[in-house]
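Everything on this sheet refers to the single structure shown next.
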Amino acid sequence: MATSIAVSRFESDQSPLQALQIVPGILLLALVGYAGKFLEKFLNTYAKAHHWTFPNIEYVLWAILIGLVISNVLTMPKIFQSGIATYEFWLKVGIVLLGSRFVLADVLKLGGISLALVVVEISLSLLLMHFLGRAFKLPPKLTSLLAVGSSICGVSAIIAAKGAIDADDEDSTFAISAILALGALALFTFPLIGHGLHLSDNVFGLWAGLGVDNTAEATATGALYSDAAGKIAVLAKTARNAMIGFVVLAYAIYWAKRGQAGAVTNKAAFLWNKFPKFVLGFLLISLLVSFHTFTKDQVASLGNLSKWAFLLTFAGVGLRTNLREMSKQGLRPFVVGALGEVLIAALTFGLVLGANRIWGL
Amino acid sequence: MASKISENRHRFKLALDTWAVILALALALMVRAGIFKKIPW
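Protein chains in written order, with my numbering: chain Z, 2 to 362; chain D, 72 to 112.
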């Protein structure tokens, strides 16, 4: 069941009639997202009119909270499920369009710093998760999946690695549930820590992009802090996502050598197959903006389109998080994941502070 | 015959990632062409 919630993915080869099944879920995403946006504006206006001191709660948080309430208090009718699963698709559309808010020089500078930090973060996270997996006597393939999920990009990386290393469905369900539960926790803890430490938008965004596993949660965590932090979180997370092919390939070769997975015959095709194409789309839009292909107003419109796409994503993050189902998945993988995440969060925080001191983010 | 059709269909099947890029680029093109004048937030 958890698999159907966590991994229910929108397939691109559906017939037109099947494709219609996603409409109710997309409408629900739009409704929940817009309700979040409406609540932010309404509460701010109301508080101001009545001279109340009320904290500005961003639409991102409202959309996630409304989604969480719906998915955990009500029983989600089946008719909505395939449409809700499209939130990942909207996330990728939003990331590509967000490329319009970066000129190439920014991408090269911040993306270069992110990439350098990503390499260190991935290496240390993989080592750490393997150490914890061994210490807690988790099955080796489950440890591999947790390591891939927590070092690169959550659910997508686990799904990519599952096929490549022939892991069990049960192991991937455990790993996905742990990563999603921890992502949900990060959503609320990272911004609190960031505000407590008065981190700048750049530092927080980089930390969220490097420290939060799933792309949707990393984007939401950054956006919860501020619009600018959300932008940087997406850039850092995109650099991390770009590494998915290399790490999954290394695991595929490792398990194939042990005779427990199919051999990789064409490494270049494998890498291309696993490479997230939205990274290329993001770079292309950024390149077009850098060469002034769009006017200033058009760039603003592209940025707003990206925000609308993210709005559907944030609603989806809340709607697909079913805490009851996650709690059924057993404690050990969750404890290993949680320990790993806390250490990775501390490690990435140290890395970002170091980078800030060296390069002045 | 049926398997050939399904094979062809499989060959032209695009990943979701690619569809997301196509949609985003199509939207960007429509903004560039002035079909969408101003997207509000």
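Using N, Cα and C, we set each Cβ at its ideal position, and we do this for glycine too.
On a predicted model such as this, the values are computed, not experimentally measured, just so you know.
{"Asked": "Here's a check: name, in chain order, each residue in its chain whose Cβ is nearer than 8 Å to the Cβ of A3(Z), leaving out the five neighbours to either side.", "Found": "Legend: pLDDT at A3(Z) = 37, less than 50; position of this residue unreliable, value from coordinates given subsequently. Answer for A3(Z): T174, I177, S178, N323, E326, M327, K329, Q330, listed in chain order."}
{"Asked": "Out of Y88(Z), A234(Z), L332(Z), point me to the one whose CA is closest to F311(Z)'s CA.", "Found": "Y88(Z)"}
{"Asked": "By the DSSP assignment, the alpha helix (DSSP H) with P78(Z) in it spans what residues?", "Found": "No alpha helix (DSSP H) contains P78(Z), which DSSP labels as neither H nor E."}
{"Asked": "CB-CB under 6 Å to N203(Z), same chain, minus the five flanking residues each way: which ones, in chain order?", "Found": "I233, L362"}
{"Asked": "At the 9 Å Cβ level, is L225(Z) part of the contact set with chain D, yes or no?", "Found": "no"}
{"Asked": "Suppose the cutoff is 7 Å on Cβ atoms and the five residues either side in sequence are ignored; what does the same chain contact list for L85(D) look like?", "Found": "none"}
{"Asked": "With a threshold of 9 Å between beta carbons, is N305(Z) in contact with chain D?", "Found": "yes"}
{"Asked": "Counting only C-beta atoms, is W63(Z) closer than 9 Å to chain D at any point?", "Found": "no"}
{"Asked": "Rank L344(Z), A339(Z), G304(Z), L354(Z) by C-alpha distance to the C-alpha of I96(Z) and give the top, closest one.", "Found": "G304(Z)"}
{"Asked": "Return helix, strand or coil for V213(Z), following the three-state DSSP convention.", "Found": "coil"}
{"Asked": "The alpha helix (DSSP H) with W53(Z) in it runs from where to where?", "Found": "Element bounds for W53(Z): n/a, residue is neither H nor E."}
{"Asked": "Please confirm whether A182(Z) has its beta-carbon closer than 9 Å to some beta-carbon of chain D.", "Found": "no"}
{"Asked": "Mind checking if A230(Z) is an interface residue toward chain B, Cβ cutoff 9 Å exclusive?", "Found": "No chain B appears in this structure, whose protein chains are Z and D."}
{"Asked": "Return helix, strand or coil for Q22(Z), following the three-state DSSP convention.", "Found": "coil"}
{"Asked": "Could you tell me which whole beta strand (DSSP E) segments of length 3 or greater appear in the segment 169-207 of chain Z?", "Found": "none"}
{"Asked": "Give the secondary structure of N305(Z) by DSSP, where H, G and I count as helix, E and B as strand, and everything else as coil.", "Found": "helix"}
{"Asked": "Report the neighbours of S302(Z) on chain D: residues whose CB is nearer than 7 Å to its CB, in chain order.", "Found": "V102, F107, K109, I110"}
{"Asked": "So which residues of chain Z does A97(D) contact, with C-beta pairs closer than 7 Å?", "Found": "The premise fails here: A97(D) is roughly 10 Å from chain Z at the closest Cβ pair, so nothing lies under 7 Å."}
{"Asked": "Shorter than 9 Å from the beta carbon of K93(Z) to some beta carbon of chain D?", "Found": "yes"}
{"Asked": "Between T294(Z) and chain D, is the shortest Cβ-Cβ distance under 9 Å, so that the two count as touching?", "Found": "yes"}
{"Asked": "Please report the distance separating the alpha-carbon of Q82(Z) from that of W91(Z).", "Found": "15 Å"}
{"Asked": "So is F43(Z) buried or exposed if we call it buried at 16+ other beta carbons inside 10 Å?", "Found": "exposed"}
{"Asked": "Please state whether DSSP places T322(Z) in a helix, a strand or coil.", "Found": "coil"}
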